[in-house]
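Below is one structure, written out as structure tokens; comments come after it.
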Ligand SMILES: [Ca+2]
Ligand SMILES: [Ca+2]
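Right, here's the structure in full:
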């Protein structure tokens, strides 16, 4: 009888271990938090009001997209990122895309900083004529899409940023 009890006990332990290690088919990929600072070029407004779209392009695998909120100093943090090697693509409304390549995540990673170039009003990742056309339409208004420097008015200063960055393209 004791031997039978012992047998059940061993069986129970084996089952418990199996549930712990193999229940999900071994698919539990560890996750980490990435963080850094996004510099919104030429922006006088509050960075905390500008959502940044962060694409996590996992090499040879999927791409997931998250929207990160900056604090007023431009810092962000994103948790739940599966371990792996990624290209991190940052894009915000009227800024060009910036891609940080070959970022290895095998634990929490800080210092993933991106400096974004301003002036892409229509969001096609190039600063040029199409952006100028929209700026003209919004001239002397407070339209956020064309208020490139975030001072509340669409004027010569915003036009100046377009001129300064004219012809530039973001990372693909
Ligand atoms: Ca554009
Ligand atoms: Ca402005």
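In the numbering used here, the protein residues as written are 639 to 810.
Backbone N, C-alpha and C fix where the C-beta goes; we use that ideal spot for every residue, glycine too.
Item, Value
"Going by DSSP, what residue range makes up the alpha helix (DSSP H) through residue 708?", "Element bounds for residue 708: n/a, residue is neither H nor E."
"Put residue 681 into one of helix, strand or coil per three-state DSSP.", "coil"
"With burial defined as no fewer than 16 other Cβ atoms inside 10 Å of the residue's Cβ, what is the status of residue 785: buried or exposed?", "buried"
"Could you tell me whether the stretch 695-711 touches the stretch 752-770, where touching means 3 or more Cβ pairs closer than 8 Å?", "no"
"CA-CA distance, residue 806 and residue 761?", "13 Å"
"Confirm, please, whether the CB-CB distance from residue 746 to residue 686 is below 7 Å.", "no"
"Count the other C-beta atoms from every protein chain shown that fall within 10 angstroms of the C-beta of residue 699, then say buried if there are 16 or more, exposed otherwise.", "exposed"
"Do residue 728 and residue 690 have their CB atoms nearer than 7 Å?", "yes"
"Is it true that the CB of residue 770 sits closer than 7 Å to the CB of residue 680?", "no"
"Exposed or buried, which one is residue 790 when buried takes at least 16 other CB atoms within 10 Å?", "exposed"
"Whole angstroms are fine: how far does the CA of residue 737 sit from the CA of residue 724?", "10 Å"
"Measuring only the C-alpha atoms, how far is residue 711 from residue 676?", "9 Å"
"Which value, in whole angstroms, describes the spacing of the CA atoms of residue 775 and residue 720?", "44 Å"
"If we ignore side chains and look at the alpha-carbon of each, how far apart do residue 750 and residue 693 end up?", "13 Å"
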